[in-house]
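To start, the structure itself, in structure tokens.
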Ligand SMILES: [Zn+2]
Ligand SMILES: [Zn+2]
Ligand SMILES: [Zn+2]
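Numbering (the numbering used here), first residue to last: 71 to 214.
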């Protein structure tokens with residue numbers, strides 16, 4: 071059994087693990103959607119719609135969308151429970167710290183220009199300042 075390697079990261083059924091290894095849709099074997107590691111464009115949409123439906127159901131029944139536990143009455147305006155919210159916040163903070171420690175953009179995780187004194191890469195900084203001031207990112211003009 072060549073695929074029983076414990077180092078194999080995702081826990082998938084064998085045929086799905088093989089598809090994952092060859093970077094094709096784990097449902098049908100078609101080409102992957104560029105933004106997904108598991109599904110083609112078609113199946114990505116299906117899975118996304120399914121997830122959303124499930125989440126809506128859970129929100130309606132007062133359950134946390136992450137762990138399915140019943141939320142407190144005070145938590146009703148959130149989609150997940152207080153402990154899941156805490157975990158999510160911690161995960162975000164940790165990810166940011168890891169990126170900063172590795173010298174990557176804290177926002178998107180891509181590589182920053184060497185020697186950059188900012189925490190964000192150029193495109194993230196351009197985007198954020200553009201959003202705030204309502205201007206387009208500055209492009210360098212040629213002289214003359
Ligand atoms: Zn597919
Ligand atoms: Zn929860
Ligand atoms: Zn970035």
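Where a beta carbon is used, it is the ideal one built from N, C-alpha and C, also for glycine.
| Nearest to residue 173 by CA position, among 157, 186, 121, is which residue? | 186
| request: On a CA-only basis, which of 120, 95, 118 is nearest residue 108? Give me that one, please. | output: 95
| Does the distance from the C-beta atom of residue 149 to that of residue 123 stay below 9 Å? | no
| field | Heavy atom of ligand 2 within 8 Å of residue 199 beta-carbon | value | no
| request: Per DSSP, which residues does residue 133 bridge with? Please list them. | output: 140
| task | Report all residues for which the CB-ligand distance to some heavy atom of ligand 2 is below 6 Å; order them along the chain. | result | 134, 136, 137, 139, 150, 151, 153, 154
| query | So the alpha helix (DSSP H) residue 86 belongs to, where does it begin and stop? | reply | 84-91
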